[in-house]
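These notes concern the structure reproduced below.
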Amino acid sequence: TSGKASTAAGLTAAVVKDEESSEFVIEAGALMLADNGVCCIDEFDKMDPKDQVAIHEAMEQQTISITKAGIKATLNARTSILAAANPVAGRYDKSRSLRHNVNMSAPIMSRFDLFFIVIDECNDVTDYNIAERIIDLHTSGTRASNPSLVTQYTFNDIRDYITYVKAAVQPKLTSAAKEHIIGLYKQLRLRETSSSSTGRVSLSSTPITVRQLESLIRLSEAVAKMYCQEDIEIKHVQEAYRLLSKAIIHVDQPDIDLNEYNRPTVTDEPMEKDTTNNETKISVDEYKRLTNIMVYQLRKLDEEQENENQSTVVMPGVKRRELVNWVLEQLADEINSLDELARKKVALDKIIDRLVHVDEILIQLDKRTVSQFGAATDGKTAATGEEEEDSEDPDGNNLYLIVHPNYATEDQ
Numbered sequence: 001t002s003g004k005a006s007t008a009a010g011l012t013a014a015v016v017k018d019e020e021s022s023e024f025v026i027e028a029g030a031l032m033l034a035d036n037g038v039c040c041i042d043e044f045d046k047m048d049p050k051d052q053v054a055i056h057e058a059m060e061q062q063t064i065s066i067t068k069a070g071i072k073a074t075l076n077a078r079t080s081i082l083a084a085a086n087p088v089a090g091r092y093d094k095s096r097s098l099r100h101n102v103n104m105s106a107p108i109m110s111r112f113d114l115f116f117i118v119i120d121e122c123n124d125v126t127d128y129n130i131a132e133r134i135i136d137l138h139t140s141g142t143r144a145s146n147p148s149l150v151t152q153y154t155f156n157d158i159r160d161y162i163t164y165v166k167a168a169v170q171p172k173l174t175s176a177a178k179e180h181i182i183g184l185y186k187q188l189r190l191r192e193t194s195s196s197s198t199g200r201v202s203l204s205s206t207p208i209t210v211r212q213l214e215s216l217i218r219l220s221e222a223v224a225k226m227y228c229q230e231d232i233e234i235k236h237v238q239e240a241y242r243l244l245s246k247a248i249i250h251v252d253q254p255d256i257d258l259n260e261y262n263r264p265t266v267t268d269e270p271m272e273k274d275t276t277n278n279e280t281k282i283s284v285d286e287y288k289r290l291t292n293i294m295v296y297q298l299r300k301l302d303e304e305q306e307n308e309n310q311s312t313v314v315m316p317g318v319k320r321r322e323l324v325n326w327v328l329e330q331l332a333d334e335i336n337s338l339d340e341l342a343r344k345k346v347a348l349d350k351i352i353d354r355l356v357h358v359d360e361i362l363i364q365l366d367k368r369t370v371s372q373f374g375a376a377t378d379g380k381t382a383a384t385g386e387e388e389e390d391s392e393d394p395d396g397n398n399l400y401l402i403v404h405p406n407y408a409t410e411d412q
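Counted the way UniProt numbering counts, the sequence shown spans residues 1 to 412.
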């Protein structure tokens with residue numbers, strides 16, 4: 001089925017009135033019809049969010065509950081879901097995580113066991129093989145015309161094999177496999193926790209929760225079934241872990257060019273060349289690490305201000321200059337010379353510009369907004385509301401920065 005044309009009732013079940021008996025009956029949807037099979041959904045990202053919510057129960061509990069028109073029933077939907085989605089902007093942005101590239105909610109993504117990212121990259125050999133394959137299909141229309149495409153097993157052989165292993169093989173977890181699964185799950189959790197605590201980016205496309213543990217168990221069972229084994233052994237768990245690790249690791253992300261956004265200046269005079277601006281690119285991990293450091297500090301200070309001044313209205317946020325100086329203090333151990341300090345300061349200014357104007361993670365308050373809080377800041381008097389000259393602060397170092405209220409810290 002197609003996600004764009006599917007509704008919640010069409011995927012799960014609907015209650016309709018029978019024309020002959022005039023009674024309400026249940027009409028099965030795609031997931032019920034695919035019981036004990038596979039339901040393929042194309043254009044999954046085009047599905048309406050309220051329709052995506054309808055399949056939460058089917059993916060989590062393998063059942064569909066209906067309470068409509070006096071009918072209350074719980075029906076089986078023991079199906080596997082194979083979904084395909086397109087990136088938000090048409091092409092996958094390697095500088096962003098998976099959940100920022102697809103229009104899918106976090107609850108839905110957490111219910112899928114595996115994610116596979118297919119990147120459309122220009123490659124002469126790959127493009128030639130794809131074009132040759134498509135032309136062969138249009139020319140002959142059959143696989144048999146090309147001897148290299150003839151496989152050892154026929155379609156019926158594969159279908160009979162899958163039917164047999166699903167019906168006859170029911171593998172059980174051994175004690176050794178149980179201990180190994182627990183150890184691997186703890187390893188995944190520790191990897192994510194250590195990445196979050198150090199400000200580094202973890203490798204998972206979704207947070208590691210109990211659902212990933214359940215995915216590891218299901219994949220181990222599937223691998224054992226594939227080999228027609230009655231017991232799930234350590235080698236099966238290891239293969240399942242390899243699949244899960246491949247599915248949750250990000251695509252390699254290119255470095256971020258900090259010169260992609262140039263902050264406009266308030267003066268018309270040409271700027272002198274900045275000799276400290278030797279490094280214009282920064283790795284994605286470093287960019288997100290510094291972002292998390294600044295977001296953490298801004299939110300911490302905001303919380304402290306609220307606790308100290310609960311009865312009065314205070315100016316939110318921190319001056320840009322103060323935030324840069326605080327981050328430089330935190331990075332003191334990484335800075336070994338004055339030149340490196342100057343380069344780091346320039347980089348932080350460019351990162352803040354990008355966070356404000358490109359990623360929209362930070363909000364920069366102008367002087368008009370500041371004056372509404374009754375705070376006398378550089379460039380504006382609270383009493384008269386008249387703007388003064390900005391010559392003393394051409395770079396906006398005295399403007400206040402706050403975190404966007406809808407931003408969730410990204411540890412992925």
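Even for Gly, the Cβ is constructed at its ideal location relative to N, Cα and C.
All values reported here derive from a predicted model rather than from experimental measurement.
- Residue pairing from DSSP places ASP42 in a beta bridge opposite SER2.
- Shortest Cα-Cα distance from ASP120 to any of MET109, LEU137, PRO87 involves PRO87.
- Burial state of CYS39 is buried, judged by a 10 Å Cβ sphere holding 16 or more other Cβ atoms.
- Fewer than three Cβ pairs drawn from the region 43-53 and the region 24-33 lie within less than 8 Å of each other, which leaves the two stretches out of contact.
- Excluding five sequence positions before and after ALA14, the CB atoms of its chain that fall closer than 8 Å to its own CB belong to ILE26, GLU27, GLY29, given in chain order.
- Between the C-alpha atoms of ARG299 and GLN330 there is a straight-line separation of about 16 Å.
- Of the residues GLN52, ILE256, ARG189, the one whose Cα lies closest to the Cα of ILE81 is GLN52.
- Nearest C-alpha to PRO171 among GLU233, GLN187, ARG111: GLU233.
- For VAL327, the secondary structure class from DSSP, reduced to helix, strand or coil, is helix.
- Pairing ALA224 with ILE217, the inter-Cα distance amounts to about 11 Å.
- Counting every other CB atom within 10 Å of its CB across the protein chains shown gives LEU323 a total of 16 or more, marking it as buried.
- Taking every protein chain shown into account, the CB of TYR128 has fewer than 16 other CB atoms within 10 angstroms, so this residue is exposed.
- Cβ contact annotation for LYS345 (same chain, cutoff 7 Å, sequence separation greater than five): VAL324, LEU328, in chain order.
- For ALA89, the three-state secondary structure derived from DSSP is coil.
- In this structure, DSSP gives ASN76 an extended state, which the three-state scheme calls strand.
- Within 10 angstroms of the beta-carbon of TYR296 lie fewer than 16 other beta-carbons, which makes it exposed.
- Boundaries of the alpha helix (DSSP H) harbouring ALA8: 8-11, taken from the DSSP string.
- By the 16-neighbour rule on beta-carbons within 10 angstroms, ALA177 is buried.
- In this structure ARG159 is exposed. Its beta-carbon is surrounded by fewer than 16 other beta-carbon atoms within 10 angstroms.
- As the crow flies, the alpha-carbon of GLN187 is around 34 Å from that of ARG354.
- Beyond the five residues adjoining it in sequence on each side, ILE55 comes within less than 7 Å, by CB distance, of LEU11, THR12, LEU31 in the same chain, given in chain order.
- When the alpha-carbon of TYR185 is set against those of SER22, ASP359, LEU362, GLU214, the nearest one is in GLU214.
- Put simply, of ALA347, ARG133, ALA84 the residue whose alpha carbon is nearest the alpha carbon of PHE115 is ALA84.
- Look at LYS281 here: in three-state DSSP terms it is strand.
- By DSSP's assignment, VAL15 forms a beta bridge with ILE26.
- One thing to note: LYS235 has its Cβ no nearer than 8 Å to the Cβ of ASP255.
- Bounds of the beta strand (DSSP E) holding VAL403 are 400-403.
- DSSP places LYS94 in no alpha helix (DSSP H); its state is neither H nor E.
- Here the alpha carbon of SER97 sits roughly 11 Å from the alpha carbon of LYS288.
- Taken through DSSP and simplified to helix, strand or coil, ILE335 comes out as coil.
- Looking at the backbone, the Cα of MET109 and that of LEU338 are separated by about 46 Å.
- The Cβ atoms of ILE352 and LEU365 lie no closer than 8 Å to each other.
- About 34 Å separates the beta carbons of ILE208 and PRO316, which is beyond the 8 Å limit, so they are not a contact pair.
- With respect to the C-alpha of ILE71, the residue from VAL16, LEU258, GLU303 having the closest C-alpha is VAL16.
- Judged by DSSP in its simplified three-state form, THR67 adopts strand.
- In this chain, the alpha helix (DSSP H) harbouring ILE134 covers 124-139.
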